[in-house]
Amino acid sequence: MAGQANPFESLQEQIDDAAAFLDAPQGVVTRLKNPERVLETNLTFELDDGSLETVRAYRSQFNGDRGPYKGGIRYHPGVTRDEVKALSGWMAYKCAVVDIPYGGGKGGIAIDPADYSEAELERLTRAFATELRPLIGEDRDIPAPDVNTGQREMNWIKDTYETLENTTAPGVITGKALDSGGSEGRVEATGRSVALAAREAFDWLDRDVAGATIAVQGYGNAGSVAAALLDDLGADVVAVSDSSGGIHAPDGLDPRAVKNHKAETRSVSGYGDAEPITNEELLTLDVDLLVPAALENAIDSDLAADVRADVVVEAANGPLTPDADDVLADKDVYVVPDILANAGGVTVSYFEWVQNRQRFYWTEERVNEELERVIVDAFDRLVDSYETNEAPNLRTAAYVVAIDRIVDAYDQAGNWP
Ligand code: NAD
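Residue 2 is where the sequence shown starts when you use my numbering, and the numbers rise one by one after that.
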């Protein structure tokens with residue numbers, strides 16, 4: 002990744018920027034800049050050869066004023082305590098900005114899952130679920146998938162929790178497979194909200210997303226679905242990349258065919274007759290819309306100076322360093338912030354949890370309609386905050402909306418001595 006900014010410091014800076022527009026007392030702002038608690042633990046599990054391995058894992062519960070802590074679990078060698086703390090904060094603000102009744106949480110294990118067999122990953126995931134058991138619960142803290150985790154890991158966590166608790170509690174985790182209580186539309190939800198946010202942003206700027214040229218960095222769940230849905234809206238996806246490199250086709254790629262190619266070869270590289278391109282070249286292509294959909298700190302201030310897109314819609318969490326944000330604002334590049342743009346994942350997680358609690362399941366059409374309503378309403382509220390507060394950028398405007406809602410919930414609950 003380009004930048005080395007500490008994501009937790011980035012988060013704190015974002016809160017300070019937004020707090021300047023609110024008259025919340027300093028003590029409350031400090032509270033909103035730090036997690037309520039963080040679990041840091043060693044997980045020891047057996048490898049297939051019978052030896053034992055110990056790895057580091059975290060769960061941060063950032064803020065629970067508006068409801069149970071909610072947020073994914075990531076498996077990645079770059080996972081650190083500060084990264085997990087930052088990601089849990091972004092979850093709290095994300096849930097508030099789209100007005101769903103959750104707080105924020107996040108977890109992670111510092112491993113490269115490619116180094117382990119499926120059986121090893123299952124033992125590791127069940128060890129983590131056992132450690133998490135006293136902290137999580139349907140009304141307490143509800144994990145979900147994140148980078149390098151998916152339905153398989155969620156099902157293992159749910160099964161471990163239910164077995165140890167001797168109950169059925171499908172709502173203890175979201176992002177489950179359909180037959181284990183998952184929701185229609187969950188897999189596509191993050192990419193769908195990215196595409197909806199891009200459509201709304203272009204509308205607001207009196208531009209049409211149909212015909213817009215798009216580059217997508219990161220071609221996993223979020224990036225590949227966003228690319229396919231933007232293609233459905235008539236946009237031209239001209240470049241995509243993953244950790245092994247990128248491809249560029251000025252006349253447009255077929256995002257679904259690229260996804261199939263990646264499924265077969267584990268990489269977007271080598272697709273059709275597209276030209277190879279580096280990640281840096283992709284991020285600075287002359288396109289209408291740039292969608293960073295990989296990891297945090299993908300764009301620092303140096304790279305931001307070379308960004309030529311007019312609009313950036315953040316599918317990843319924290320892909321811009323705060324300095325990069327300033328550089329892009331100075332260049333009048335509109336950045337639709339992660340806490341709104343990628344909120345589709347947590348929104349449909351919320352729908353999944355609602356369905357689990359009611360034991361009554363919705364059609365995919367209903368899920369997508371409800372999601373569209375949430376994202377469009379949140380975007381309208383964001384624009385209102387941007388215009389009435391004369392905020393320097395959309396991110397600060399989004400934090401103002403979110404902080405205001407969390408502070409209101411805190412005030413209304415009163416203060417437990
Ligand atoms: P994923 O693991 O499915 O995909 C990540 C992609 O990024 C992969 O294609 C990987 O090759 C690529 N990548 C990694 N390092 C890269 C690099 N240096 N350059 C280019 N590409 C690189 O993960 P995902 O679920 O799509 O998540 C992507 C981002 O979206 C993360 O920041 C995550 O926190 C965020 N997000 C995901 C969801 C969700 O529901 N999946 C929800 C909200 C936010």
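We put the CB at the ideal spot given by N, CA and C, even for glycine.
- Bridge partner(s) assigned by DSSP for SER245: Answer by DSSP bridge pairing: none, since SER245 is not bridged.
- Query: Taking the runs of the beta strand (DSSP E) that are 3 residues or longer, which of them lie wholly in the segment 225 to 277?
  - Reply: If we require 3 residues or more, the beta strand (DSSP E) runs fully inside the segment 225 to 277 come out as 237 to 243 and 246 to 249.
- the segment 95 to 109 in contact with the segment 10 to 28 per 3-pair CB rule at 8 Å: These segments do not touch.
- To the nearest angstrom, how far is it from the Cα of GLU265 to the Cα of VAL30? Their Cα atoms are separated by approximately 48 Å.
- State the start and end residues of the unbroken beta strand (DSSP E) segment that holds LEU44. Looking at the DSSP string, the run of the beta strand (DSSP E) that includes LEU44 is 38 to 47.
- Message: Quick check on DSSP: helix, strand or coil for SER89?
- Response: Correct three-state label for SER89: helix.
- Beta-carbon proximity of LEU197 to ILE340, cut-off 8 Å: The beta carbons of LEU197 and ILE340 sit no closer together than 8 Å.
- Task: Compare the C-alpha of ALA310 against each of PRO323, ASP405 and VAL292 and name the closest.
- Result: The shortest Cα separation from ALA310 among PRO323, ASP405 and VAL292 belongs to VAL292.
- Message: Please classify PHE129 as buried or exposed, where buried requires at least 16 neighbouring CB atoms within 10 angstroms.
- Response: Around the beta carbon of PHE129, a 10 Å sphere encloses 16 or more other beta carbons of the protein chains shown; the residue is thus reported as buried.
- Message: Just verifying my parser: in three-state terms, what is the DSSP assignment at ILE112?
- Response: In this structure, ILE112 counts as coil in the three-state DSSP scheme.
- Task: Specify the secondary structure class of ILE158 as computed by DSSP and reduced to three states.
- Result: If DSSP states are grouped into helix, strand and coil, ILE158 belongs with the helices.
- Message: Is ASP303 close to the ligand NAD? I mean its beta-carbon at under 7 Å from any heavy atom of the ligand.
- Response: Closer than 7 Å to some heavy atom of the ligand NAD: that does not describe the Cβ of ASP303.
- If you count every other CB in all the chains shown that lies within 10 Å of the CB of ASN361, and 16 or more means buried, which is it? With the sequence shown as reference, residue 361 is identified as Phe, and Asn is not the correct amino acid for it. That one is exposed.
- Residues near GLY138 in its chain [Cβ-Cβ closer than 7 Å; skip 5 each side]: Result list for GLY138: VAL173, in chain order.
- Query: How many Å lie between ARG406 and GLU276 at the Cα?
  - Reply: Rounded to the nearest angstrom, the gap between the Cα atoms of ARG406 and GLU276 is 47 Å.
- Message: Mapping the DSSP letters down to three states, classify GLY79 as helix, strand or coil.
- Response: For GLY79, the three-state secondary structure derived from DSSP is coil.
- Query: With respect to 7 Å, is the separation between the Cβ of THR397 and the closest non-hydrogen atom of the ligand NAD below this value?
  - Reply: For the ligand NAD, not one heavy atom lies less than 7 Å from the Cβ of THR397.
- Can you tell me where the alpha helix (DSSP H) with ASP385 in it begins and where it stops? Start and end: 365 to 389.
- Take GLY109 and list the residues in its own chain whose beta-carbon comes closer than 6 Å to its own, dropping the five residues that flank it on each side. The answer, listed in chain order, is TYR59, ARG75, VAL80 and VAL85.
- CB of THR285 within 8 Å of CB of ASP301, strictly: No.
- Message: Can you determine whether any heavy atom of the ligand NAD sits closer than 7 Å to the C-beta of LEU179, and answer yes or no?
- Response: Remark: the C-beta of LEU179 is outside contact range of the ligand NAD, defined as less than 7 Å to any heavy atom.
- Query: Under a Cβ-count criterion, where at least 16 other Cβ atoms within 10 Å of its own Cβ denotes burial, should LYS71 be classed as buried or exposed?
  - Reply: Its Cβ being crowded by 16 or more others within 10 Å, LYS71 is buried.
- Message: Does GLY51 pass the burial test, meaning 16 or more other C-beta atoms within 10 Å, or should it be called exposed?
- Response: Here GLY51 is exposed: its Cβ has fewer than 16 other Cβ atoms, across all protein chains shown, within 10 Å.
- Rounded to a whole number of angstroms, what is the C-alpha to C-alpha distance between ALA228 and GLN15? Cα to Cα, the separation comes out at about 28 Å.
- Message: Measuring only the C-alpha atoms, how far is ALA316 from ALA342?
- Response: Taking the straight line from one Cα to the other gives about 6 Å.
- Indicate, with yes or no, if the ligand HEM has a heavy atom lying under 7 Å from the CB of ASN343. Here the bound small molecules are the ligand NAD; the ligand HEM is not part of this structure.
- Member of ALA87, PHE203, SER61 and THR45 whose CA lies at the smallest distance from the CA of ASP7: First, the amino acid is wrong: residue 7 is Asn here, not Asp. The shortest C-alpha to C-alpha distance from ASN7 to any of ALA87, PHE203, SER61 and THR45 is the one to ALA87.
- Query: At which residue ranges does the segment 146 to 210 contain complete alpha helix (DSSP H) runs of 4 or more residues, listed in the order of the chain?
  - Reply: Taken in chain order, the unbroken stretches of alpha helix (DSSP H) that lie wholly in the segment 146 to 210 and span 4 residues or more are 152 to 166 and 187 to 205.
- Query: In chain order, what residues of the same chain lie with their CB nearer than 7 Å to the CB of HIS354, ignoring the 5 residues before and after it?
  - Reply: Reading the sequence as shown, one finds Trp at residue 354 and not His. These residues qualify, in order along the chain: ILE143, GLY172 and THR175.
- Item | Counted within 10 angstroms of its Cβ, other Cβ atoms place SER386 as buried (16 or more) or exposed | With 16 or more other Cβ atoms within 10 Å, it is buried.
- Message: By the three-class DSSP mapping on this structure, what secondary structure does TYR129 have?
- Response: Before going further, note that residue 129 is Phe rather than Tyr in the sequence given. Judged by DSSP in its simplified three-state form, PHE129 adopts helix.
- To the nearest angstrom, how far is it from the Cα of TYR220 to the Cα of GLN413? Each residue's Cα considered, the two are about 42 Å apart.
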